[in-house]
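The structure under discussion appears below in the form of structure tokens.
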Amino acid sequence: DEHGISPAARYRGNSDLQLQRINVYYNEGRGNTFVPRNVLIDLDPSTADTILASPYGRLFNPDQYIMGSAGASNNWGKGRYSEGAELAHEALNVIRKASENCDCLQGFQVTHSVGGGTGSGLGSVLLEKIKEEYPDRILSTASVLPSPKVSDAVVEPYNSILGFHYLIEYADQTYCLDNEALYGICQRVLKLSYPTFGDLNHLVSATLAGVTTCFRFPGQLNTDLRKLQVNMVPFPRTHFFVPGFVPLISRGSSTYTAVTVPQLVAQMFDPSVFMCDCDPKLGKFLTACAIFRGRLSTRLVDEQLSNIQNKNSSSFVEWIPNNIKSAVCDIPPRGMKICATFLGNTTSLKEVLTRICKSFAAMYARKAYLHWYTG
């Protein structure tokens, strides 16, 4: 949508800027068609059918669909050792071919859920194998964490704990997305009484589009996967980020609400806009990054970020100076004049992890459902 690519894979945009860096995420094929650089992997074949039947189904290369036949039954063991292991070799071959089509491969971005069997089990295999084969490339993940309020499988805590080990060991950057926080944003801020998964996915896509905007468009202060890694990760294992997006405006009011840079910066540190259910007051920020979109003064951005850091100095660790980084891209998303995406490397993420650990401990103490994993 941001690059003006139609469902028929042809460019239908209105600005040369949309094409300037389009090769970062698209391959240009025959007849001026553009095919996304992605690999779609799932153990459940119905997922491919859903995508193929959607308006944008023709956009994707059919050779880059890797689908199983039975699914993982919400079981980490099946995704890791049986059904997933059988599919992993084929998936890695397709990933290798997609990598060879790149002129300058900087890294990989993996989008998955750690609550299901495929996302946690097969995801852990792929993380391990990709890191073994490409040890000097950045491995970035957008990981959806489970929530007891928004759950479709009782064994999600088991899958999460088993899968999280591989995120710690093999991922270089992890954007933590929490279904509970996403539902809360839809209900409290966007005034949606009954949010659908489409509404949740819209929030996630807006956030990830903000994170990747400097890879895809020119700007005054640019960033990329490597710069994010250098600025955001003080120690290799502390690479878990809490993302946020501002302004979050209820539907229908975007054309009437004017937002200023001071308002954006103030809203960024409000836990109600975080895509992960944690309170920054209960921890400290190791590092943070703010990615702005729209026509903005970089001087004003730096001033506002400096002001908020000085006012809330107790919320930042004192042993990492100048630990808020900023990037500015001139091109805003459709329907907005300015917006910002926030990434925080904060110790308050322990709230979410503690919640998952407590759910795991309560089930494991009673040996509940263990036969699904050991039988």
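Residue numbers (full-length UniProt numbering): 1 to 375.
Beta carbons are placed, not taken as given, at the ideal position from N, Cα and C, and that holds for glycine.
Small disclaimer: the values here were computed from a predicted structure and weren't measured.
Open item on the list: Nearest by alpha-carbon distance to residue 62: which of 187, 41, 204 is it?
Closed with: Cα-wise, what sits closest to residue 62 is 41.
- [ ] Tell me whether residue 405 sits in a helix, a strand or coil according to DSSP, three-state version.
- [x] There is no way to answer for residue 405, as the model of the chain reaches only from 1 to 375.
TODO: Assign residue 121 to one of two classes, buried (16 or more other C-beta atoms within 10 Å of its C-beta) or exposed (fewer than that).
DONE: Counting other Cβ atoms within 10 Å of its Cβ, residue 121 reaches 16 or more and is therefore classed as buried.
Open item on the list: In the DSSP assignment, the beta strand (DSSP E) including residue 67 goes from what residue to what residue?
Closed with: For residue 67, the enclosing beta strand (DSSP E) starts and ends at 65-67.
Task: Boundaries of the alpha helix (DSSP H) in which residue 167 is found, first to last residue - done: 156-170 is the extent of the alpha helix (DSSP H) around residue 167.
- [ ] Rank 55, 10, 240, 272 by C-alpha distance to the C-alpha of residue 346 and give the top, closest one.
- [x] Nearest of 55, 10, 240, 272 to residue 346, Cα basis: 240.
Task: Unbroken beta strand (DSSP E) run spanning residue 102, endpoints - done: Where residue 102 is concerned, there is no enclosing beta strand (DSSP E), given that its DSSP letter is neither H nor E.
TODO: Tell me whether residue 78 is buried or exposed, calling it buried when 16 or more other Cβ atoms sit within 10 Å of its Cβ.
DONE: Label assigned to residue 78: buried.
- [ ] Identify every residue that forms a DSSP beta bridge with residue 145.
- [x] Bridge partners of residue 145: 178.
Open item on the list: Between the alpha carbons of residue 149 and residue 180, how many angstroms are there, rounded?
Closed with: Straight-line measurement puts the Cα of residue 180 at about 7 Å from the Cα of residue 149.
Task: Three-state secondary structure (DSSP) of residue 211 - done: If DSSP states are grouped into helix, strand and coil, residue 211 belongs with the helices.
Task: Top-ranked residue by Cα proximity to residue 339, from 236, 4, 206, 360 - done: When the alpha-carbon of residue 339 is set against those of 236, 4, 206, 360, the nearest one is in 206.
Open item on the list: I'd like to confirm the pairing. Which residues does DSSP put opposite residue 235 in its beta bridges?
Closed with: By DSSP's assignment, residue 235 forms no beta bridge with any residue.
Open item on the list: Measuring straight from C-alpha to C-alpha, what distance separates residue 227 and residue 326?
Closed with: Near 11 Å, if we compare the C-alpha coordinates of residue 326 and residue 227.
Task: Exposure of residue 168, with buried meaning 16 or more beta-carbon neighbours within 10 Å - done: Residue 168 is exposed by the Cβ-count criterion.
- [ ] May I have the straight-line CA-CA distance separating residue 356 from residue 21, to the nearest angstrom?
- [x] About 40 Å.
- [ ] Closer than 7 Å by C-beta to residue 213: which residues in its own chain qualify, once you throw out the five before and the five after it? Chain order, please.
- [x] Closer than 7 Å at Cβ, skipping near neighbours: 291, 293, 329.
Open item on the list: Please classify residue 376 as buried or exposed, where buried requires at least 16 other C-beta atoms within 10 Å of its C-beta.
Closed with: An answer regarding residue 376 cannot be provided, because it is not within the stretch 1 to 375 covered by the chain.
Task: Option in 99, 101, 146 with minimal Cα separation from residue 113 - done: Ranking 99, 101, 146 by Cα distance to residue 113 puts 146 first.
Task: Nonlocal neighbours in the same chain, by C-beta distance under 6 Å from residue 44, ignoring five residues either side - done: Within the same chain, residue 44 has close Cβ partners 71.
Open item on the list: For the structure I just gave you, are there three or more beta carbon pairs, one from the stretch 350-369 and one from the stretch 254-274, closer than 8 Å?
Closed with: No, they do not touch.
Open item on the list: By the three-class DSSP mapping on this structure, what secondary structure does residue 72 have?
Closed with: DSSP places residue 72 in coil when its eight states are reduced to three.
- [ ] Look at the alpha carbon of residue 116 and the alpha carbon of residue 307, and state the distance between them as a whole number of angstroms.
- [x] If you draw a straight line from the Cα of residue 116 to the Cα of residue 307, it is about 42 Å long.
Open item on the list: Checking 7 Å against the spacing of the C-beta atoms, do residue 204 and residue 248 come in under that value?
Closed with: At least 7 Å separates the beta-carbon of residue 204 from that of residue 248.
Open item on the list: Starting from residue 284, trace the alpha helix (DSSP H) in both directions and tell me its first and last residue.
Closed with: Where residue 284 is concerned, there is no enclosing alpha helix (DSSP H), because DSSP gives it neither an H nor an E.
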